[in-house]
Amino acid sequence: MELNLKGKIAVVTGATKGIGLATARGFAAEGAHVAICSRTGKEAEAAAEKIKTDYGVKCIGVQADVVNSEDLDKFIKEVMASLGGIDILINNAGLGSDEKIISSTDERWQYWWDLSVMAAIRLSRAVVPVMKKRGGGVITNLASICGKQPMFHEPIYDTVKAALVMMSKCLSNEIMQDNIRVNAVNPGLVKTPAWMDHVTEDAAAQGLSVDQFLENIAKEWTPIGRFAEPEEVADFIVFLCSERASYSVGSSYYIDGGWLKVTN
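Going by numbering that gives the first Met the number 0, the residue at position 223 of the sequence shown is 222; the numbering climbs one at a time, nothing skipped.
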C-alpha cells in the first residue's frame, strides 16, 4: 500500500527511544524527512544521524525539553530553517508519573500537565499556521489507554492523558476546516525502555527475568497475552498520518491488545 508520504516533513517529540524513535524511523522508511527532539541533545543527534544513514532522508536531532516553552520555540525554528516546513506533528514525549493525588504538590501536578498537555498545545499552536500555508497537515497526540481505563498507581498520568484526548478532539473541531486532521492514539502495554527500567527491580525480587515478568503482566491484563513492540504502534501512527487515513479525524484509537474492558 502506497502511503504517499515521500517528501513530507514529520516532527516527532521524545524520539530517541521507544514509540517515538520507532515512529520517526517509520516515517523515514516511507521517504519522509524527519525532525526529532529529546532532552538529551547528543542522543537526538545520534538518532537523527542513524535515520539519515539508514533511510537516505533528511533528519535533524535537536535538544529540547518539551516542558520548556523556549526550547519548543527553538525546536520549531530549527525545523523550519533546516527542513523548510512541517506537514506532520507527533506529540509523543511523556512518561508515567507513579505518584499519588493527595501527596503530590502543585509543582508536580504542573510538571505532568506541562509534559503531556501543554507541550502538545504549544507545539500545535506553532505548527498550525505552517500547515495552513502548506494546504493542510496532520497532528497526532500520543495519549494512553490510561486516559480511559486508569492504572491505580499513576493517577496523575491517567488524568493528564484523559485531558490530552479531550484536547485532541477539541483541536480537531477547530482546525478541521483548514484540512488539518487531529487524532489521539492510546497505546496499551508496549515494550519500551521506560517499562523495562520500571520493572527491573520487581522482576529481580521475584527471581524472574524482565521478559518473564513482562510476560506475566501481559497474560494477566491483556487478552492478546503479550506486550506490543514499539514498531507495532508506530506502524499504525504512520498509516494514520497518511492520505490512506484521510477520513480519520477527531478520533481516539486504542492499540492495546484488547486490554480496554469497555467498548469505545
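Positions of the beta carbon are idealized from the N, C-alpha and C atoms, including for glycine.
Distance from the CA atom of LEU20 to the CA atom of ALA14, rounded to whole angstroms, is 4 Å.
Rounded to whole angstroms, the Cβ separation of LEU239 and SER247 is 6 Å, and the two are in contact under 8 Å. Your pair ASN185 and ILE144 checks out as a contact, with CB atoms roughly 5 Å apart and the cut at 8 Å. Per DSSP, the unbroken beta strand (DSSP E) holding SER251 starts and ends at 251 to 254.
One thing to note: VAL78 has its Cβ no nearer than 7 Å to the Cβ of CYS58.
For the segment 54 to 84, the continuous alpha helix (DSSP H) assignments of 4+ residues that do not extend past its boundaries occur at 68 to 82, in sequence order. Two segments are said to touch when three or more pairs of C-beta atoms, one from each, lie closer than 8 Å; by this definition the segment 41 to 52 does not touch the segment 98 to 110. Checking the DSSP bridge columns, you'll see PRO186 partnered with ILE254. Excluding its 5 nearest sequence neighbours in each direction, TRP112 has C-beta neighbours in its own chain below 6 Å: VAL159, listed in chain order. When the Cα atoms are used, MET195 and SER245 turn out to be separated by approximately 35 Å. Runs of the alpha helix (DSSP H) spanning 4 or more residues and lying entirely within the segment 108 to 137 occur at 118 to 132, in chain order. Residue environment analysis places SER115 among the buried positions, since at least 16 neighbouring C-beta atoms fall within 10 angstroms of its C-beta. For the options LEU122, LEU94, GLN176, the alpha carbon positioned closest to that of LEU71 is the one of LEU122.
Bounds of the alpha helix (DSSP H) holding THR158 are 154 to 174. A Cβ-Cβ distance of about 16 Å is found for the pair ASN90 and THR191, leaving them out of contact under the 8 Å criterion. Annotation for VAL248: no alpha helix (DSSP H) segment contains it, and DSSP assigns it neither H nor E. Its Cα nearest to that of LYS41, the residue LYS16 stands out among VAL181, PHE151, LYS16, THR104.
In this structure, the beta-carbon distance from ALA80 to GLY60 does not fall below 7 Å. Annotation for GLU242: ASN3 place their beta carbon closer than 6 Å to its own, counting only its chain and skipping 5 residues before and after. DSSP, read as helix, strand or coil, puts CYS36 in strand. The beta carbon of PRO149 sits closer than 7 Å to the beta carbons of ASP157 from its chain, once the five residues preceding and following it are set aside; these are given in chain order. Counting along the chain, ALA9 sits inside the beta strand (DSSP E) bounded by residues 8 to 12. Under the 10 Å beta carbon count, CYS36 is surrounded by 16 or more other beta carbons and is classified as buried. According to the DSSP assignment, LEU88 belongs to no alpha helix (DSSP H) but to the beta strand (DSSP E) extending over 87 to 90. Between ALA45 and PHE26, the beta carbon gap of about 18 Å keeps them out of contact (Cβ cut-off 8 Å). The straight-line gap separating the alpha-carbon atoms of GLY134 and PHE74 is approximately 22 Å. With contacts defined by Cβ atoms closer than 7 Å, ASP177 and LYS218 do not form a contacting pair.
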